[in-house]
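Chains A and B, in that order, are what the protein sequence lines are.
Each residue of the first sequence is one higher than the one before, counting from 0 in numbering that gives the first Met the number 0.
Each residue of the second sequence is one higher than the one before, counting from 0 in numbering that gives the first Met the number 0.
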Amino acid sequence: MPKFMLILHQTPGAYDKLSPEEMQQTFQRYQSWVDGIKTSGRYVVSDKLKEEGGKLVSRSSGQVTVTDGPFSEAKEVVGGYFTLRAADYNEAVALVKECPFLECGTISIRQTDPMGCGDE
Amino acid sequence: MSGESQAQVNRLVEHLFRHQAGQMLAILTRFFGLENLDLAEDVVQEALLQAMRQWPFGGVPDNPRAWLIQVAKNKALDILRRNASLQRIQSEMLQRLEELQSTHVAQDPFDIDQIPDEQLAMIFACCHPDLSKEVRVALTLKAVSGFSVPEIARAFLSEPTTIAQRLVRAKRRLRESGIKLAMPMSDEMAARLDSVLQVLYLLYNEGYTAHSGEDLVRHDLCAEAIRLARLLTTRPATDTPAVHALLALFYLQATRLPTRVDGDGNLLLLVDQDRSQWDQALLHRGLRHLDRCADGDQLTEYHLQAGIAAIHATSATFEDTDWPALLNLYERLLCLAPSPVVALNRAIAESMVDGPVAGLRSLEKLSAEPSMKSYYLLPAVEADLLRRLGRTSEAADCYRLALGRPCSEPERRFLLGRLQALF
């Protein structure tokens with residue numbers, strides 16, 4: 000089954016005003032979503048990314064430069080990613096529509112292309 | 000197929016974040032000082048936020064409480080390193096937090112014996128008699144119970160800005176009056192504990208007072224009042240008969256919670272409630288605390304109120320209610336803690352013992368009380384007694400008078416129903 004990478008772009012500060020109880024409830028909705036992905040055997044891997052912005056490495060005229068992030072004036076930061084399996088984009092989108100993360104950010108979906116033909 | 004699909008999933012205990020917020024705040028405040036309560040609040044909020052952002056990806060850690068304390072510790076130490084004036088407390092804090100992390104939190108988070116001393120001290124600080132009553136209540140919910148400003152506002156049917164201002168005032172007062180985060184000395188314990196119990200009583204009543212019953216936050220107030228009272232019983236110095244009396248009252252009242260409204264959210268009087276639905280487990284807990292509160296020779300208003308609640312909770316039917324015993328308890332309560340509301344209740348009991356005419360006579364004396372002028376229950380009770388005497392048109396007038404006074408929507412519907420049933 001094809002793999003899809005979900006990239007979670009979060010709006011900084013989106014959760015800041017939540018009460019402890021609301022945070023726990025939000026997290027638990029999130030956890031149920033992840034559980035669903037796992038029990039249906041779709042889960043591959045996920046990681047939270049550190050929020051300090053990372054580093055950008057580039058080379059121009061033979062000179063490698065390393066820049067500290069964030070790299071754009073973006074209103075969103077990449078909070079983390081999930082890789083999961085789905086039959087096609089339609090199914091991947093359907094799964095993402097249910098993700099509580101959408102309450103505080105956006106999710107971009109990219110299908111992996113291991114053989115250059117979009118499938119494994 | 001991923002091998003992790005069947006991964007063991009750790010579940011969070013209900014209200015873990017809220018309760019953990021209170022505990023972590025108390026511990027951090029011990030180090031930062033009450034004058035830096037805001038700083039401690041920020042650290043707690045950030046630790047919880049980090050959990051919420053991180054756990055969806057990696058799952059709930061095996062010991063969520065230890066995880067949260069670790070994160071809070073790191074954040075607190077960052078602040079200490081940056082703030083020269085706070086640096087002296089760094090090593091002491093480190094030691095205490097490590098202690099908590101390794102021994103304390105490995106246990107069941109709701110094992111009541113695992114509550115840190117700091118949290119008890121925090122309850123006393125928040126309920127300090129130097130603070131006004133309304134400020135004490137708001138501050139306790141915020142700093143001990145982990146409620147947010149909007150949640151407190153919802154619970155008290157108030158505006159968030161009002162609550163926020165109240166908390167700002169509270170914190171200023173804490174700074175100015177030099178209140179310390181410490182248990183009261185033994186010579187002042189009794190008075191300080193009274194102030195705490197008063198706050199818990201207010202919390203419970205606010206949650207219990209019949210409203211639609213749909214708003215969970217209000218229900219949470221009752222649960223929180225019970226939890227804090229139970230915290231008090233974990234230490235010998237605060238494990239007093241009065242605390243058990245208060246717990247008995249809370250549990251005994253709570254037995255009736257599920258039956259106070261019907262399926263449509265309409266109020267049901269005691270006489271109309273389905274007693275088979277009363278919560279027996281809560282009844283037994285209440286009666287256990289009622290036993291415990293009889294230790295010693297202290298008699299508080301909570302003892303008498305618990306006694307009253309016990310009579311209702313243990314009567315098999317409305318008709319079986321021991322009205323003379325109730326009347327006696329109300330009379331003693333009136334001596335100990337005189338108030339028009341108690342007098343009103345006493346008059347109801349009196350009407351059941353000596354008849355509606357006797358009750359009406361007592362109510363008449365009450366009508367001059369300033370606080371009764373806009374209280375809907377006085378004419379509502381009067382109406383009921385007149386109805387029992389067959390004085391229908393006078394009863395109707397009284398119901399109309401009651402309807403003209405402020406009351407909640409279910410209460411208004413109830414009065415309207417009684418008025419219409421007269422004819």
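Beta carbons are placed, not taken as given, at the ideal position from N, Cα and C, and that holds for glycine.
A quick note: this is a predicted structure, and the numbers were derived from the prediction, not measured.
Excluding five sequence neighbours on each side, which residues of the same chain lie with their C-beta closer than 6 Å to the C-beta of residue i?
i, result
"Thr64(A)", "Ser57"
"Gln419(B)", "none"
"Phe109(B)", "Residue placement at Phe109(B) is flagged as unreliable, the pLDDT there being 48, under the threshold of 50; a coordinate-derived value is accordingly withheld."
"Glu381(B)", "Leu362, Cys397"
"Leu251(B)", "Gly285, Ala308, Ala309, Ala312"
"Leu138(B)", "Cys125, Ala169"
"Ala20(B)", "Val43, Gly145"
"Ala39(B)", "Leu24, Leu27, Thr28, Phe31"
"Gln304(B)", "Leu248"
Using the Cβ count rule (16 or more neighbours within 10 Å means buried), how would you classify residue i?
i, result
"Gly264(B)", "exposed"
"Ser18(A)", "buried"
"Lys140(A)", "Outside the displayed span of chain A (0 to 119) sits residue 140(A), for which this structure offers no information."
"Ser211(B)", "In this predicted model, Ser211(B) has a pLDDT of only 46, less than 50, meaning its place in the structure is not dependable enough to derive any value."
"Ala236(B)", "exposed"
"Gly306(B)", "buried"
"Glu408(B)", "exposed"
"Val33(A)", "buried"
"Thr254(B)", "buried"
"Lys96(A)", "exposed"
"Arg17(B)", "buried"
"His14(B)", "buried"
"Ala401(B)", "buried"
"Gly2(B)", "For Gly2(B), the predicted structure reports a pLDDT of 40, less than 50, and the residue's modelled location is therefore unreliable. The matter cannot be settled from this model."
"Val356(B)", "exposed"
"Leu281(B)", "buried"
"Pro55(B)", "buried"
"Gln279(B)", "exposed"
In chain A, which residues lie with their C-beta within 7 Å of the C-beta of residue i?
i, result
"Ser147(B)", "Ser18"
"Trp66(B)", "Chain A residues near Trp66(B): none, gap ~13 Å exceeds 7 Å."
"Ala20(B)", "Pro19"
For a contact defined as C-beta to C-beta under 9 Å, what are the partners of residue i on chain A?
i, result
"Met51(B)", "Tyr14, Leu17, Met22, Gln23, Thr25, Phe26, Tyr29"
"Glu150(B)", "Ser18, Glu20, Glu21"
"Leu48(B)", "Tyr14, Asp15, Leu17, Met22"
"Leu11(B)", "Gln23, Phe26, Gln27, Gln30"
Please list, in chain order, the chain B residues whose beta carbon lies closer than 7 Å to that of residue i.
i, result
"Ser45(A)", "Phe56"
"Val122(A)", "In this structure chain A extends from 0 to 119, so residue 122(A) is not present and cannot be described."
Starting from the beta carbon of residue i, find every residue of chain B whose beta carbon is closer than 9 Å, and list them in chain order.
i, result
"Gly120(A)", "What the structure shows of chain A is the stretch from 0 to 119, and residue 120(A) is not part of that stretch, so it cannot be assessed."
Among residues of its own chain, excluding the 5 on either side of residue i, which ones have a beta-carbon nearer than 7 Å to its beta-carbon?
i, result
"Leu202(B)", "Val136, Leu220, Glu223, Ala224"
"Asp67(A)", "Gly52, Lys54"
"Val352(B)", "Trp322, Pro323, Leu326"
"Ala71(B)", "Met23, Leu27, Val42, Val43, Ala46"
"His302(B)", "Ala244, Cys292"
"Leu386(B)", "Before going further, note that residue 386(B) is Arg rather than Leu in the sequence given. Same-chain partners within the cutoff: Ala394, Leu421."
"Cys141(A)", "This structure gives no information on residue 141(A), because the portion of chain A shown stretches from 0 to 119."
"Arg155(B)", "Looking at the sequence provided, one finds Phe at residue 155(B) rather than Arg. Only Glu205 meet the Cβ criterion."
"Gly197(A)", "Nothing about residue 197(A) can be reported from this structure: the residues present for chain A run from 0 to 119 only."
"Lys74(B)", "Val42, Glu45, Ala46"
"Glu300(B)", "Leu332, Leu335, Ala336"
How would you list, in chain order, the residues of chain A whose beta-carbon sits under 8 Å from the beta-carbon of residue i?
i, result
"Leu402(B)", "Under the 8 Å cutoff, chain A gives no residues; its nearest Cβ is about 37 Å from Leu402(B)."
"Arg17(B)", "Ser18, Pro19, Glu20, Gln23"
"His14(B)", "Glu20, Gln23"
Suppose the cutoff is 8 Å on Cβ atoms and the five residues either side in sequence are ignored; what does the same chain contact list for residue i look like?
i, result
"Leu365(B)", "Pro339, Ala342, Leu343, Ala346, Met371, Leu377"
Exercise. Do the region 320-338 of chain B and the region 287-294 of chain B make contact, defined as three or more Cβ pairs closer than 8 Å?
Worked result: no
Problem set entry | Segments assigned beta strand (DSSP E), at least 3 residues, entirely inside the region 30-68 of chain A | 42-47, 54-59, 62-67
Problem set entry | Whole runs of the alpha helix (DSSP H) within the region 170-241 of chain B, excluding any shorter than 4 residues | 185-207, 215-231
Exercise. Any contact of the region 63-73 of chain B with the region 122-132 of chain B, i.e. 3+ C-beta pairs under 8 Å?
Worked result: no
For this session: Assess, as a yes-or-no matter, whether the region 387-394 of chain B is touched by the region 367-375 of chain B under the definition of 3 or more beta carbon pairs within less than 8 Å.
Result: no
Problem set entry | Touch test, the region 17-36 of chain B against the region 37-50 of chain A, Cβ-Cβ under 8 Å, three pairs minimum | no
For this session: Indicate whether the contact test is met: 3 or more Cβ pairs, each with one atom in the region 403-419 of chain B and one in the region 262-279 of chain B, closer than 8 Å.
Result: yes
Exercise. So does the region 182-193 of chain B actually touch the region 231-246 of chain B, counting three or more Cβ pairs closer than 8 Å?
Worked result: yes
For this session: For the region 50-91 of chain B, list the alpha helix (DSSP H) runs that are entirely contained and at least 4 residues long, ordered along the chain.
Result: 63-81
For this session: Go through the region 237-314 of chain B residue by residue and report every complete run of the beta strand (DSSP E) that reaches 3 residues or more, in order.
Result: Segments of the beta strand (DSSP E) lying fully in the region 237-314 of chain B: there are none.
For this session: With a floor of 4 residues, list each alpha helix (DSSP H) that falls wholly inside the region 318-387 of chain B, ordered by position along the chain.
Result: 322-335, 339-353, 355-365, 376-387
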